[in-house]
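J.: Below: one structure in C-alpha cells.
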Amino acid sequence: MTVTEERARTYEVRTYGCQMNVHDSERLSGLLEDAGYVRADDGDTADVVVFNTCAVRENADNRLYGNLGHLRPAKLTNPGMQIAVGGCLAQKDQGEIVRKAPWVDVVFGTHNIGSLPVLLERARIAQEAQVEIKESLEVFPSTLPTKRESPYAAWVSVSVGCNNTCTFCIVPALRGKEKDRRPGDVLSEVRSLVDLGVLEITLLGQNVNTYGVEFGDRLAFGKLLRACGDISGLERVRFTSPHPAAFTDDVIAAMAETPNVMHQLHMPLQSGSDRVLKAMRRSYRAERYLGIIERVRAAMPDAAISTDIIVGFPGETEEDFQGTLDVVRQSRFANAFTFQYSIRPGTPAATMDDQVPKEVVQERYERLVALQNDISWAENKAQVGRRLEVLVAEGEGRKDGATQRMSGRAPDNRLVHFVPALRDDLPGGDVPRPGDMVTVEVTYAAPHHLVADGPALALRRTRAGDAWEARESAACGTGAGTGSGTPGAVSLGMPAMRRS
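In case it helps, the numbering used here puts the sequence shown at residues 956 to 1455.
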C-alpha cells in the first residue's frame, strides 16, 4: 500500500535486543520505504515510530511502556502520528499493549512483520488500533524488502525459530519452531549482497548448527560455510549462534579449511555446572563444551572464542558457580557476555524453587566479571606487535572524534582503534573509508579493544568503501565526507548487558 499524502510520511524504527531483531528491523525499514515512507532526520519526531521489542531481558516491558509514555505528548499534539509495536514482547503481550497504552496504533508479532504497512494504513482509515498476531510464520523475513544499515557488512538469516526448550528462554514460544531456508536461497542472497559491495556476511539463526533439520541434512551448515568460500568477492564469513549440543566436527573443519570463514566463534556456555546445565535443559555438559573448545583450537590456534554466561540460575550453589569459573579459566575466552539471571514470566525457570538472592547473584557476577576481564586483557596483550588487516567500520568507536582515530574489526572480530594516517612512504593521501581494509600494527591492548597508534602500514580501497561513499553522497547531495555518522539509522535501543 502506498502512502498518498503530498508530503511523504517519515518513520523511525527503534530496535531492542538480539541480532535477529536487528535483522528484522532492516526488513521493517525496507517495507516502510517500499510503501513510500522516508526516514526521519536525526532529532525530528517521526510520523511513524516503530518499536521492535525484545522479551528476553529484565524489565523489557517497563522499558517499552516508559518509551511509549514519553511519546504520548507528541501523539496528543499530532493526532496523525502513528505508533507501532512489534517483536517478541508484542507476540507475548498482544492486546495487553493497547490496554496499557491506548495511544498505540498497531501491534504486530514476530510472524507477520510483512503486515506492518497494511496495518498502519488500516489503523489510519479506521481510526482505531489494529492488533494482529499470527501463531506461525507467514513469510520468511529475508524475502521482504530490506533497508540495509551497512554497505559493507550484512546479516543473512539461515533460519528462524528454535527447537530447543531451555528453561530460562522464552524465544521458542515467541518465534516458533525452527524454519530453515533452502541453501540455494541463502547463497543467492549472499551473492546479491556481494554484487552490491558487501565484503562481510554473518549467517544468522537462533541455532545455526541445527540448520538443515527441515530438509534432512545434519551436515548442511558446514556445507553452507564451504559454499560461501566459493563466492568471489566475499572476504569474511561469520555466524551466530551455535549450540554446543549440536556442534559437529564438520563445522570445525569447514571453518579451518575455508579461507574466508573467520577464525572466530561465539559459543554460549550459560553455566559450567553440569547440574545447572541439566536444570537449564541445555543437553550438553561441561566436558563436552571444553572438548569443542579444544578441537577448535587444535584446528585453528588463533581462534578467538566468545560466550554467554548466566549467573544465579535458580538453585545455583557456590559449588556450581565455581564450576563456571573453572570452565572460564580453561576456555580463555576473548570476551564474554555475562548476565545476572532474572525471572522471565512464561519460562519454566520462573516458577522454580531456590531462586538465588539478589545480593548473592551480584557478588558472584562481580567475581566472574573480574576473572573474565583479566583473561580478556591477557589475551588482548598477546596481540600487541601483531599486524592485522582491519575492516574499517562506522560508529564503532564512541571516542574516535576526540582521539582522531578510526575503528574497525580484525579478522577475529576484535575491535581495533587506529590512526588513519598512512605511513609516509606510501603513495597518496587517501583517508580510509568504512568498508576499506587497513593494515595496522597493534601497539596497546585494553580488556575490550586494541589500539594501533602508529601510521597505517597499508590501505586497500574496496568496492565496499566505494558503496559507502556513494551512499553518503546520495544522503547529503554532495561529495562524501569522512565522518562516521549514518543519517537516519535504525536506532539500537539495546538493553544494558555486560561484556567482560
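We put the beta carbon where it would ideally sit given N, CA and C, even for glycine. Everything numeric in this text was worked out from a predicted model, so none of it was measured.
What is the DSSP secondary structure of Tyr966, counted as helix, strand or coil?
T.: In the structure shown, Tyr966 sits in a strand (DSSP, three-state: E or B).
J.: Would you call Asn976 buried or exposed, if buried means 16 or more other Cβ atoms sit within 10 Å of its Cβ?
T.: It is buried - the Cβ of Asn976 has at least 16 other Cβ atoms within 10 Å.
J.: For the segment 962-1036, which segments carrying the alpha helix (DSSP H) assignment without a break, of at least 4 residues, lie completely within its bounds, in sequence order?
T.: The segment 962-1036 contains these whole alpha helix (DSSP H) runs: 974-989, 1015-1032.
J.: Could you tell me which of Val1005, Asp1408, Val1216, Pro1223 sits nearest to Ile1186, measuring between CA atoms?
T.: Minimum Cα distance to Ile1186 is reached at Val1216.
J.: Return helix, strand or coil for Tyr945, following the three-state DSSP convention.
T.: Here the chain covers residues 956 to 1455 and nothing more, so residue 945 does not appear.
J.: Quick check on the DSSP output: the beta strand (DSSP E) that includes Thr1157 runs from which residue to which?
T.: Counting along the chain, the beta strand (DSSP E) containing Thr1157 begins and ends at 1155-1159.
J.: Starting from Glu1051, trace the alpha helix (DSSP H) both ways and give me its first and last residue.
T.: Where Glu1051 is concerned, the enclosing alpha helix (DSSP H) stretches over 1051-1055.
J.: In the structure shown, what three-state DSSP assignment does Trp1110 receive?
T.: Trp1110 falls in the strand class under three-state DSSP.
J.: Any chance you could list the beta strand (DSSP E) runs of at least 3 consecutive residues sitting entirely within the segment 1312-1359, in chain order?
T.: List check, beta strand (DSSP E) in window: 1342-1348.
J.: Quick one: give me the first and last residue of the beta strand (DSSP E) that Val1374 is part of.
T.: Per DSSP, Val1374 belongs to no beta strand (DSSP E) and is neither H nor E.
J.: Under three-state DSSP, which class holds Ser1428?
T.: Ser1428 falls in the helix class under three-state DSSP.
J.: May I ask which residues mark the beginning and end of the beta strand (DSSP E) holding Ala1407?
T.: Residues 1405-1407.
J.: Please classify Gln1310: does DSSP put it in a helix, a strand, or coil?
T.: Coil.
J.: Please go through the same chain and pick out, in chain order, the residues whose beta-carbon is closer than 8 Å to the beta-carbon of Leu1099, but skip the five residues on each side of it.
T.: Contacts found: Arg982, Gly985, Leu986, Ile1068, Gly1069.
J.: Lys1233 to Glu1273, Cα distance in whole Å?
T.: The straight-line gap from Cα to Cα measures roughly 17 Å.
J.: For Asn1119, does the three-state DSSP call read helix, strand or coil?
T.: In the structure shown, Asn1119 sits in coil (DSSP, three-state: anything other than H, G, I, E or B).
J.: Quick test of your reading: Ile1125 and Thr1302, contact by CB under 8 Å. State the CB separation rounded to the nearest angstrom.
T.: Indeed, because the Cβ distance is near 5 Å, the residues count as touching under 8 Å.
J.: Measuring only the C-alpha atoms, how far is Ile1298 from Glu1155?
T.: Whole-angstrom Cα-Cα distance: 36 Å.
J.: Please state whether DSSP places Arg1364 in a helix, a strand or coil.
T.: Here Arg1364 sits in strand by DSSP.
J.: Let me check understanding here. Comparing Cα to Cα, which of Gln1310, Val1283, Phe1268 lies closest to Phe1294?
T.: The option with the nearest alpha carbon to Phe1294 is Phe1268.
J.: By the 10 Å Cβ neighbour count, where 16 or more other Cβ atoms means buried, how is Ala1253 classified, buried or exposed?
T.: Exposed: under 16 other Cβ atoms inside 10 Å.
J.: What's the call for Ile1080, buried or exposed, on a 16-neighbour Cβ count within 10 Å?
T.: Counting Cβ neighbours within 10 Å, Ile1080 comes out exposed, since fewer than 16 surround it.
J.: Checking the sheet assignment: what are the DSSP bridge partners for Gln1085?
T.: Answer is Val1061, bridged to Gln1085.
J.: Go through its chain and collect everything with a Cβ distance to Gln1310's Cβ below 7 Å, but skip five positions before and after it.
T.: These residues qualify, in order along the chain: Pro1269.
J.: Please classify Glu1396: does DSSP put it in a helix, a strand, or coil?
T.: Three-state result, Glu1396: strand.
J.: Determine whether the Cβ of Glu1427 lies closer than 8 Å to any Cβ atom of chain B.
T.: Chain labels in this structure do not include chain B; a single protein chain is all it has.
J.: Using DSSP's beta-bridge definition, name the partner residues of Lys1134.
T.: DSSP output for Lys1134 lists Val1115 as bridge partner(s).
J.: What does a CB cutoff of less than 8 Å around Met956 pick up in its chain, not counting 5 residues either side in sequence?
T.: With a pLDDT of only 43 at Met956, under the threshold of 50, the placement of this residue in the model should not be trusted; the figure read from the coordinates follows. Taken in chain order, the residues that qualify are Ala990, Pro1072, Val1073, Glu1076.
J.: Report the option in Ala1333, Ala1211, Met1210, Arg1237 whose CA atom is closest to the CA atom of Pro1223.
T.: Closest option to Pro1223, Cα to Cα, is Arg1237.
J.: Could you round the C-beta distance between Asp1135 and Ser1112 to whole angstroms and report it? I think they count as a contact, below 8 Å.
T.: Between Ser1112 and Asp1135 the Cβ distance is about 10 Å, and since that is not below 8 Å, they are no contact.
J.: For Gly1041, which of helix, strand or coil comes out of DSSP?
T.: Of the three classes helix, strand and coil, the one that applies to Gly1041 here is strand, per DSSP.
J.: Shortest alpha-carbon distance to Val1395 belongs to which of Asp1379, Arg1388, Pro1375, Asp1421?
T.: Cα-wise, what sits closest to Val1395 is Pro1375.
J.: Could you pull out every residue in the same chain whose Cβ sits closer than 8 Å to the Cβ of Ala1109, ignoring the five residues on either side in sequence?
T.: So the qualifying residues of the chain are Arg1103, Leu1148, Val1153, Glu1155, Ile1156, Thr1157.
J.: Checking the sheet assignment: what are the DSSP bridge partners for Val1523?
T.: For the chain, the structure presents residues 956 to 1455; residue 1523 sits outside this window and is missing.
J.: With which residues is Leu1414 paired in a DSSP beta bridge?
T.: DSSP lists Val1393 as partners of Leu1414.
J.: Does the ligand FAD have even one heavy atom less than 7 Å from the beta-carbon of Val1386?
T.: The ligand FAD is not part of this structure, which contains no ligands at all.
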